[in-house]
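*Asks:* Have a look at this one.
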């Protein structure tokens, strides 16, 4: 009994083998996929992590993403320089060079005029201020702190 199999049964076995092989391939592919569950309160950075993972492991920023983020980066750059300049004022840090004072006035004027765009003149002024601030910190931090 059972030694004779019909063509129908052979076809079914062949079909079963194909299905089993397909399932093995899919399982193998599923094992390569890493699934991550991000839990957290609202505004805790879940979407930010997802975006960063996408940027790092896919194609990077799209042209549209770059155009959307550009004004934010410019605004942050100008406001960060403004924060440094205000701190210098409150800490009574002298610019040492009248030209740096003019550069700082340009940054303040840009903010007060609500012109948050990077002109060549503003970029040059901020670069000169950045160089001054770094040299000031380099000279004075080593006098007051032990850096290791």
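Residue numbers (the UniProt record's numbering): 1 to 148. All C-beta atoms, glycine included, are put in the ideal place defined by N, C-alpha and C.
Compare the C-beta of residue 113 against all C-beta atoms of chain D and say whether one is closer than 8 Å.
*Replies:* Considering every chain present, this structure includes no chain D. It has just one protein chain.
*Asks:* If we count the other Cβ atoms within 10 Å of its Cβ and call it buried at 16 or more, is residue 37 buried or exposed?
*Replies:* As a position in the chain shown, residue 37 is number 37, starting the count at 1. It counts as exposed.
*Asks:* Please say whether residue 106 and residue 83 have beta carbons closer to each other than 8 Å?
*Replies:* Taking the first residue of the chain shown as position 1, residue 83 is located at position 83. Taking the first residue of the chain shown as position 1, residue 106 is located at position 106. For residue 83 and residue 106, no; Cβs fall outside 8 Å.
*Asks:* My output table needs one value for residue 99: the three-state DSSP class, helix, strand or coil.
*Replies:* Numbered from its first residue, the chain shown carries residue 99 at position 99. In the three-state DSSP reduction, residue 99 falls in the helix class (H, G or I).
*Asks:* Thinking C-beta only, is residue 116 closer than 8 Å to residue 74?
*Replies:* Taking the chain shown and counting its residues from 1, one reaches residue 74 at position 74. Taking the chain shown and counting its residues from 1, one reaches residue 116 at position 116. Result yes, Cβ atoms of residue 74 and residue 116 sit closer than 8 Å.
*Asks:* Relative to the alpha-carbon of residue 99, which residue among 112, 123, 128 and 52 has its alpha-carbon at the smallest distance?
*Replies:* Along the chain shown, one-based indexing puts residue 99 at 99. Nearest option by C-alpha distance: 128.
*Asks:* From which residue to which residue does the alpha helix (DSSP H) around residue 149 run?
*Replies:* Since the first and last residues shown for the chain are 1 and 148, residue 149 lies out of range.
*Asks:* Let me confirm a value: residue 81 is counted as buried when at least 16 other C-beta atoms fall within 10 Å, else exposed. Which label applies?
*Replies:* Your numbering for residue 81 matches position 81 in the chain shown. Buried, since its Cβ has 16 or more Cβ neighbours within 10 Å.
*Asks:* Compare the beta carbon distance of residue 104 and residue 85 with 8 Å and say whether it is the shorter of the two.
*Replies:* The count along the chain shown starts at 1 and reaches residue 104 at position 104. The count along the chain shown starts at 1 and reaches residue 85 at position 85. Result yes, Cβ atoms of residue 104 and residue 85 sit closer than 8 Å.
*Asks:* For the alpha helix (DSSP H) holding residue 78, just list the boundary residues, first then last.
*Replies:* Looking up residue 78 in the chain shown gives position 78. Unbroken alpha helix (DSSP H) run through residue 78: 63–90.
*Asks:* Could you give the first and the last residue of the continuous alpha helix (DSSP H) run that contains residue 13?
*Replies:* Start at 1 with the first residue of the chain shown, and residue 13 comes out as number 13. Taken as a continuous stretch (DSSP letters only), the alpha helix (DSSP H) holding residue 13 covers 7–32.
*Asks:* Could you give the distance in angstroms between the alpha-carbon of residue 42 and the alpha-carbon of residue 48?
*Replies:* For the purposes of this step, residue 42 is identified with residue 42 of the chain shown, where counting begins at 1. For the purposes of this step, residue 48 is identified with residue 48 of the chain shown, where counting begins at 1. Looking at the two C-alpha atoms, the distance is approximately 12 Å.
*Asks:* How is residue 150 classed by DSSP in three states: helix, strand or coil?
*Replies:* As displayed, the chain neither begins before 1 nor continues past 148, which places residue 150 out of reach and without an answer.
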